[in-house]
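Residue numbers (our numbering): 3 to 325.
Comments concern the structure below.
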């Protein structure tokens with residue numbers, strides 16, 4: 003009977019902590035981005051955003067605060083660095099973090115001159131190229147955290163101060179780790195189900211989404227990839243251009259991809275996200291249900307507004323300067 007090692011348990015904790023922290027933050031930020039994209043309509047109760055935002059915003063905090071979880075991730079991954087240094091990394095080969103073993107060992111041995119192999123814009127549209135970039139970034143950030151803590155301790159700082167001094171870098175490491183895991187599982191899942199649950203058309207469109215995911219986060223956090231020269235300036239231009247190309251390519255399928263999640267109108271409770279697309283009639287119907295619109299003119303007109311409008315109280319007569 004197979005047993006689970008302590009290393010595997012720690013790795014599971016690191017994976018779930020990193021994914022929880024990253025995905026809930028991205029989802030919360032994404033809801034707000036969607037609201038902004040809807041302009042003034044996003045403020046309407048009928049849009050569904052007020053309820054969605056207020057019900058979801060707890061998630062970056064509950065069940066593990068997103069500012070604390072990256073420390074848990076770093077604590078586990080720093081053990082991987084220690085095990086690589088001591089040559090006792092066998093158990094890590096069965097873990098999600100196994101992708102870090104080779105690049106971390108190379109960096110600890112001073113082999114830090116790795117560069118992105120993409121030679122053209124077209125080659126940047128390759129999931130293997132993107133995965134290699136994310137792998138390198140995660141390994142480099144992990145080694146940097148380990149070196150920073152070790153250096154601070156050797157310079158006389160208490161371990162607690164050295165640890166606290168690396169918290170921001172731990173947050174970057176946790177995000178990098180979660181992004182690699184997500185992209186690797188995205189690409190691997192497509193390959194595994196190709197010809198089974200997924201036909202050629204589904205494979206094509208999901209591969210496009212995987213590419214967009216990989217390209218988008220490289221562009222958004224490009225500093226991590228430029229910092230040690232893994233990407234050069236020309237390659238970052240390719241990444242940006244490829245991101246725009248993928249958006250154009252995915253655009254015709256965007257509505258169908260969202261509908262594929264099969265969220266019903268009952269669950270969405272949104273005039274803007276209706277399946278039939280009749281947004282403005284739906285907004286008008288919901289406005290009729292508002293108590294403020296039950297009378298014409300609305301409440302408060304006779305008591306407050308009429309005298310300003312009809313009696314001329316609100317006529318502008320000029321303002322004397324107080325200077």
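Every residue gets a Cβ at the ideal spot worked out from N, C-alpha and C, and that includes glycine.
The Cβ-Cβ distance between residue 217 and residue 132 falls below 9 Å.
Residue 233 sits in coil when the DSSP states are folded into three classes, being neither helix nor strand. For residue 94, no alpha helix (DSSP H) run applies, since DSSP gives it neither H nor E. The Cβ atoms of residue 181 and residue 232 lie no closer than 9 Å to each other. According to the DSSP assignment, residue 220 belongs to the alpha helix (DSSP H) that extends over 202-222. Bounds of the alpha helix (DSSP H) holding residue 19 are 8-39. Using a C-beta cut-off of 8 Å, the region 149-163 makes no contact with the region 198-216, since fewer than three inter-stretch Cβ pairs fall below that distance. When DSSP reads this structure, residue 196 sits in a beta bridge with 200. The beta carbon of residue 177 is closer than 7 Å to those of 24 in its chain, skipping five residues each way along the sequence. Ranked by how close their Cα comes to the Cα of residue 260, the residues 277, 245 and 273 have 277 in first place. Following the DSSP letters along the chain, one finds residue 52 inside the alpha helix (DSSP H) bounded by residues 51-58.
Judged by DSSP secondary structure, residue 138 falls within the alpha helix (DSSP H) whose first and last residues are 129-156.
Separation of the CB atoms of residue 271 and residue 53 is rounded to 7 Å, and the pair is thereby assigned contact status at 8 Å. For residue 124, the closest of 275, 241, 73 and 253 by C-alpha to C-alpha distance is 241. Remark: fewer than three beta-carbon pairs, one from each stretch, lie closer than 8 Å, so the region 74-92 and the region 113-124 are not flagged as touching. In this structure, residue 72 lies away from residue 140, with their beta-carbon atoms at least 9 Å apart.
It is roughly 10 Å from the alpha-carbon of residue 61 to the alpha-carbon of residue 55. Of the residues 27, 183 and 205, the one whose Cα lies closest to the Cα of residue 64 is 27. Residue 29 and residue 98 have their alpha carbons spaced roughly 23 Å apart. Here the alpha carbons of residue 146 and residue 111 stand approximately 14 Å from one another.
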